[in-house]
Every structure is written in C-alpha cells, then in structure tokens.
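Notes to accompany the following structure.
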Amino acid sequence: MKRIPVSGGLLVFLGAAFWSLNSPLVKYLSLDSVLICGLRSLIAAIVLAVTIRPKQLKWNWWMVIYMCSYAGLCLSIILALGATSAPVAIGMQYTAAIWLFLANLLRTRKFHTRAFVPVAIIFIGVVCFMCSGGDAASQAGNFIALSEGIFFALMTVSAKKVAGTNPIGLTAVANLFTGIVVFLLFPGTLGKISVMTSMDWIIMLVLGIIQIGAGYACYNVGIQKISAQKASVIALWEMILGPVWVALFLKEYPTPMVLTGFIIILLGMLLDSLMNSETSKSPQKQLS
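Numbering (my numbering), first residue to last: 93 to 380.
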C-alpha cells in the first residue's frame, strides 16, 4: 500500500490543534497546576515509550538543550500562571518567532523585510492577547513568562538537530525527563494524586495522550520538514483555537481585545503564507 506523504506544515498545525485542548480541559480541572504538568508528561512518556529508538536519536549537547528547554517551557508556563495574568503566561511563548528572527539576523547579518513584516504583525496580535487579562501581574511573573519564548525557540531549533529518524521517540524522552524534573522539584505534589477522581483521571489521560503526547509528536515530526520560524508561526493556531474550544464547551467567550488579537494574528499568518509562497515560486520564474 502506497503511503501518502503529509506536509510538515499540516503536522505542526495538528500539533497546535492538540495543544489547544489544554485551555478547556485544564480550566475544567480543579487539580494543582504543577501536578497536571508533571502527571500529563509522565502519561505521555509511558504511552510513547514503545517508539523510543535510542540509536536513531542524536545524543549530543543539542539533546541536553532540547530536554532542558522542553522542561523549562512546561514549568515556566505553570509558574507564570500562578504569578501573572493568564493571557501573559500563555501568550509569551509565542514570542519565539521574534527570537528566531533575531537569531537568524545575527547568524546571517542580513535583514529580510519579507520575513520581518509578518512576524511584527503577529507580535502585535500576541500583545493584544496578553493585554486582555484583567489580573494584576507581578514583575516576577512577567519575567518568568518572558523566558517562555526563549525556551520555545530553543526547543524548536534543537528538535531539528537531535530527532534523527525518531522524532516521536524524542517526544517520549522529553516528557519522561520533564515528569521526573517536575516531581523532583515539587515532591509534595505527588501526595495530591490520591484525591483525584475518576473524571480527573480521564481528563488527565486525554491531556497526556492527546494534548501533550500526540501534540508534540506531530510537532516534532513536522519540524523536520519545515523551518523553525515557519513552525513557530503555524503553532500560533493554539492561541486561536484554545479560546474557541472554551467558548464552545464552557460558554466563556473571548473579550474584544482577544478577538482583535485573533484577527491580527490571522492577518500575519496569511501574509507569512503569501510571502513564503511567492519566495518559493521565484526560482521557478528565473529558470523559465
């Protein structure tokens, strides 16, 4: 049977769609946020453990960077949620597109307007999301949230360096590492497992298997086929879809500022897609 190839962009989009389940499911749960972070990672690691092929992964310094940045991203979001407003805590990870653009600028020393304009528009949309929160934000929480974009950028770049031919196995390794780190740093949260109800366990299984496991598996496979900056732009669909699921299933509707962010981000993503399309066609025009 002939296998149908799946584009990297579609896989990254599927990853973002799975990630977006985080918003309605976590809002429904009344469990400790650190417990959710560690337990869903361990569940994802256990389910995906059969895919680990150690010889197909690249065990180098990039692997250390990937595992630390993955765990850092998961923890920084959880810690930021407890110290600053939710839109800031969630939205700051998507400043990764800016960090990746700046890193590419420093590496090549070439400023590309085509790459900068969509990223700048998207950043404005992210800021609209972050400004939509009414909670009082602390400086410490904002500083923690600021690190999310750096962690996400490092995770995206390093995934391309270490996944080899086993990107799903890489997802399992990263989640195992994250689960262990979380429970070592916050050992008291383990005792809270005993009060979990059957419904809590069902939702945690969905979070572990689908939201984290399938989400990052799709993302890690997709990132092998497209650039890191393009992947960080497509991943923004999580910010758009998350509030949509909350509105549909929990009947909590986005504010005008969030809707403004929706529109601006979508415009930036559309512009990025159009510019990438024109760039890919230009060599063909030169050859014809």
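Every residue gets a Cβ at the ideal spot worked out from N, C-alpha and C, and that includes glycine.
Around S250, the same chain offers W154, M155, I157, Y158, S161 as residues with beta carbons nearer than 8 angstroms, after the five sequence neighbours per side are excluded. At the C-beta level, T248 and L127 stay beyond 8 angstroms of one another.
Y308 and P146 have their alpha carbons spaced roughly 18 angstroms apart.
For the set G360, F354, M361, V265, the Cα lying nearest the Cα of C223 is the one of F354. Shortest Cα-Cα distance from V98 to any of L246, K317, M184, V350 involves K317. By the Cβ-count criterion, K322 is buried, with 16 or more other Cβ atoms from all chains shown falling within 10 Å of its own Cβ. For the region 168-217, the continuous alpha helix (DSSP H) assignments of 4+ residues that do not extend past its boundaries occur at 178-183, 188-200, in sequence order. If the five residues before and after D124 are omitted, its C-beta is found closer than 7 angstroms to the C-beta atoms of T281, K284, all from its own chain and listed in chain order.
By the C-beta density criterion, Y345 is exposed, having fewer than 16 other C-beta atoms within 10 angstroms. Within the region 264-315, the complete alpha helix (DSSP H) segments of 4 residues or longer fall at 290-298, 307-314, listed in chain order. For G256, the secondary structure class from DSSP, reduced to helix, strand or coil, is coil. By the CB criterion at 8 angstroms, I295 and L173 fall outside the cutoff.
Straight-line spacing of the CA atoms in V219 and T352 works out to 10 angstroms. Per DSSP, reduced to three states, the secondary structure at A327 is coil, with no helix or strand assignment.
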